[in-house]
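Down below is the structure, laid out as structure tokens.
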Amino acid sequence: MSKPRWSLLATVALVGTLLSGTQAAAQADAPIMDPIPEDPVTSGLGLTVEEVAQFPKSEPTPAPTDPRLMRHARINYLGELPDGSGRQYVPDLNGNLYFLSDDDDPYVYLDVKARFPDFFSGRGMGQGFGFVAFDPRFQRNGKFYTVHTEAGAALEKPTTYPAQPGTRYHGIVTEWIADDPEADVFSGTHREVLRFGFAQQIHGIQQIDFNPTASRHDEDYGLLYVAVGDGGLGVSSTEPQDLSTPHGKILRIDPDGTGSGNGQYGVPRANPFVGQEGALGEIWAYGMRDPHRFSWDPRSPHRMYLGHIGQHAIEAVYEVREGDNLGWSEREGTFRYERGDGCWLYPLPEDDDKYGYVYPVAQYDHNPPPDWDCGDVGRAISGGFVYRGDIPELRGKYLFADLVDGRVFYTEQNQMKRGHDPATVHTLMIYDEHGNRVSTPELAGDARVDLRFGRDAEGELYLLAKANGKIWKVTGARKFSSCGTAGAGVGDAMDAGSWAPVTPEKWRFPGREVVLAEAGEARPGPRRPFEYAVLTKGGEYGSVRVDAEVRLDTPVTEANRDVIIVFGYRSDTEFYYAHLSSDNSIYPHNGIFKVNNADRERIDDQWNATVSRGAAPAITDASWHDVRVTHCAATGEIAVYVDGARNPLMTAVDTTFASGRVGFGSFDNIGRLRNLEVSGTRA
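Heads up: the sequence shown is residues -25 to -1, 1 to 658, going by mature numbering (1 follows the signal peptide of the UniProt record, and there is no 0).
This is how it looks when you write it as structure tokens:
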């Protein structure tokens, strides 16, 4: 496996020009301050979503004290019954299993909480009625399976495997058999299949499921996968690496069999550890902290993708195969985890290959603030699906999310390759049914979205938010800032008569270039670019696209170098500009800005004030660079592309200026422009 790029905190001083062997070893073992310096890439692609359901408010048992559990309805998945009826199912952690039919409001199919007197959902993340999986033969046998948690008197019951020391709750897998699989309300019997004991009220059983891509003649058909977390003990123990316990593992069982220790299920003979001394035959893969959601690619029946929630810094997607060891708690993502260090990750050792750990096919990090105290920064992956539905722009993409802040991501499935560098993670925009760009916190009405994905039998995707108990269907995709800009245009306007500079004597017009030859100086009025020239040829534009080559003539050795592209220009104190800089770590640099009779205001999506970082630096050398700026007047969408990139470097939405002129300049640097082409609609 190729090694990631490290950002190291030096612990030994450099003496002379060479490090001694001892110093080099210390450097290689230093903690990593920023495990993944590159942020997810803005894709410029958006999902259009339409609200399809609102679930009734529900309450945990007992009443919670943790505000993260005080949600409208703790819905956490949507699937479709495998019986051709079109009915969809949605579990609520607080106890109800809901069904949805076309044009119907959600209705309760089964009150799981009412069936178990020790049902428990009011403490710890993920407690309650966690998941449901319908047997692929449900139409004939009426069988489905649930996961729920219990506490209190239930802790006296025997567990299927030895419980963790200091067990605080039990996680139970239950089989249900409906008398009539076509009925809209459950009537039938149930039996306990598995019971686990967990030491902490975190990292329990996250998902159970059947492989929906397995055919009747496949060895996987009818086998139940059970994703079991480490109960919170992996942070200080090696239990996820211990094959004699189920914690921190994905199990695979035959719920119709009887050959297990408790006689309630079978152990498939094809499982990788069957017959291995000291190992549980139920284990299918291991080395996990909190295996949140897994799914199979419909085009590849045996290709499972798992969203794995990390400890210190890394949220990861794995392609999991039988017998795999994901490395926790020796590894977190593509980094070394040290028990006892509550903050940092470390580089992989030189002899890492000998351990045989499997590493992520995609990952992103937490980006904690500078004053981070090593606590939870509120990042957690929610695994998703490889899309194979009817929306062409999404096909072949693995869509997933951060369940806390609601960011929606994708990677290209064909770039997620084991043994290679992790695939690029892209962010997706969200549009409502009216075409307005929105955020998932706006849709959910809460900064903590608690976002999950669901999928129906046709492969179409859904977003679910616990914050307000709503579900949205993904109905399409659209490209950001894709308005038409054909119509009026200007090309190659390099003569002095086509430009109106702020300070004419600072500019040169040699024929094929526009040259800002002398640095500008701050002027009275609001804070704004010091020196720029407005293109007078061609008039004002509404929607506009500006294509040009730009170069920074200020020496690379100087800090804070920049040039700007002006658009939407109405006056010297009313315009937009794209700031193209070699620095992305302070507010005024490398972003999209608005000057509206006040100091310039940053409006781009990429700026993260928590860590003081924006989009990747646009220009870091003295070479020519292609730049494209598009501005859609009706929607206010703005996109900046550099060097022909498929994805925009910067994006923004602002409708303050619906028309204006374009221009070129800088703050206090020098640079030049050539090969200018402007096209757009007349104002």
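Each residue gets a CB set at the ideal place from its N, CA and C atoms; glycine is no exception.
How about residue i and residue j: do their beta carbons lie closer than 8 Å?
i	j	result
Gly358	Gly302	no
Ser60	Arg49	no
Tyr73	Asp79	no
Ile11	Asp346	no
Pro81	Val107	no
Ala597	Asn565	no
Ala463	Tyr516	yes
His401	Thr415	no
Val361	Tyr240	no
Thr36	Ser96	yes
Arg603	Val489	no
Arg354	Arg43	no
Gly495	Lys481	yes
Asp184	Tyr200	yes
Gly394	Val465	no
Ser457	Thr656	no
Arg545	Phe632	yes
Leu369	Ala452	yes
Pro133	Phe384	no
residue 661	Thr135	An answer regarding residue 661 cannot be provided, because it is not within the stretch -25 to 658 covered by the chain.
Ala178	Arg264	The displayed chain sequence assigns His, not Ala, to residue 178. In contact: His178 and Arg264 (Cβ atoms closer than 8 Å).
Ile645	Leu510	no
According to DSSP, simplified to helix, strand and coil, what is residue i?
i	result
Asn300	strand
Leu226	strand
Asp217	coil
Tyr120	strand
residue 660	The requested residue 660 is not part of the displayed model; the chain covers only -25 to 658.
Tyr82	strand
Arg43	helix
Phe94	strand
Glu313	coil
Val361	strand
Gly(-5)	Caution applies to Gly(-5), whose pLDDT of 46 falls short of 50 and renders its modelled position unreliable; the value that the coordinates give is listed next. The answer is helix: DSSP assigns Gly(-5) an H, G or I state.
Ile594	coil
residue 662	Because the chain is modelled from -25 through 658, residue 662 falls outside the range shown and cannot be assessed.
Asp77	coil
Asp184	strand
Val87	helix
Pro530	coil
Leu130	helix
Gln63	strand
Asn650	strand
Arg115	helix
Nearest to residue i by CA position, among the options, is which residue?
i	options	result
Asp93	Ile645, Ala355, Thr529 and Asn69	Asn69
Pro276	Lys481, Ser18, Gly308 and Ser190	Ser190
Gly444	Leu426, Glu435 and Arg453	Leu426
Gln114	Thr213, Thr478, Pro156 and Ile180	Pro156
His600	Ala138, Asn535, Val615 and Glu313	Val615
Met404	Asp154, Ala553, Asn622 and Ser587	Asn622
Gln176	Asp365, Ala620 and Asp205	Asp205
Glu167	Asp159, His145 and Val525	His145
Pro367	Glu13, Leu20, Ala5 and Ile7	Leu20
Gly317	Gly371, Arg520, Thr233 and Gly209	Gly209
Asp558	Phe310, Arg264, Val531 and Tyr544	Val531
Gly232	Pro273, Ser212, Glu150 and Asp154	Glu150
Lys454	Ile613, Asp522 and Met45	Ile613
Val538	Ser641, Asp4 and Ala158	Ser641
Arg314	Pro6, Ile645, Ala658 and Ser654	Pro6
Are there any heavy atoms of the ligand FAD lying less than 7 Å away from the beta-carbon of residue i, as far as the coordinates show?
i	result
Glu25	Among the ligands in the structure shown, none appear at all, so the ligand FAD cannot be discussed.
> Where in the stretch 399 to 462 do unbroken runs of the alpha helix (DSSP H), each at least 4 residues long, occur, reported from the N-terminal end onward?
Replying inline: 415 to 419
>> Restricting to runs no shorter than 3 residues, where is the beta strand (DSSP E) found entirely within the stretch 228 to 275?
In response: 258 to 261 and 265 to 272
> Going along the chain, which unbroken runs of the beta strand (DSSP E) with 3 or more residues stay wholly within the stretch 545 to 589?
Replying inline: 549 to 556 and 567 to 571
>> I'd like to know if the stretch 25 to 43 and the stretch 410 to 417 are in contact, where contact means that at least 3 CB-CB pairs between them fall below 8 Å.
In response: no
> Would you call the stretch 215 to 234 and the stretch 153 to 163 touching, i.e. three or more CB-CB distances under 8 Å?
Replying inline: no
> Using 8 Å as the Cβ pair cut-off and three pairs as the minimum, do the stretch 427 to 437 and the stretch 385 to 392 touch?
Replying inline: no
>> Does the stretch 288 to 305 come into contact with the stretch 329 to 341, if we say contact requires no fewer than three beta-carbon pairs (one atom in each stretch) closer than 8 Å?
In response: yes
> Is the stretch 436 to 451 close to the stretch 627 to 639, with three or more CB pairs under 8 Å?
Replying inline: no
>> Under 8 Å, with one C-beta from each stretch per pair, do the stretch 494 to 510 and the stretch 560 to 579 reach the 3-pair mark?
In response: yes
>> Does the structure place the stretch 268 to 288 close enough to the stretch 244 to 252 that three or more beta carbon pairs sit under 8 Å?
In response: no
>> Does the contact criterion of 3 or more C-beta pairs under 8 Å hold for the stretch 85 to 92 versus the stretch 136 to 144?
In response: no
> In the stretch 331 to 382, which residue ranges form an unbroken beta strand (DSSP E) of at least 3 residues, counting only runs that do not cross its ends?
Replying inline: 337 to 340, 356 to 361 and 372 to 377
>> Pairs of beta-carbons, one from the stretch 624 to 634 and one from the stretch 539 to 555, closer than 8 Å: are there three or more?
In response: yes
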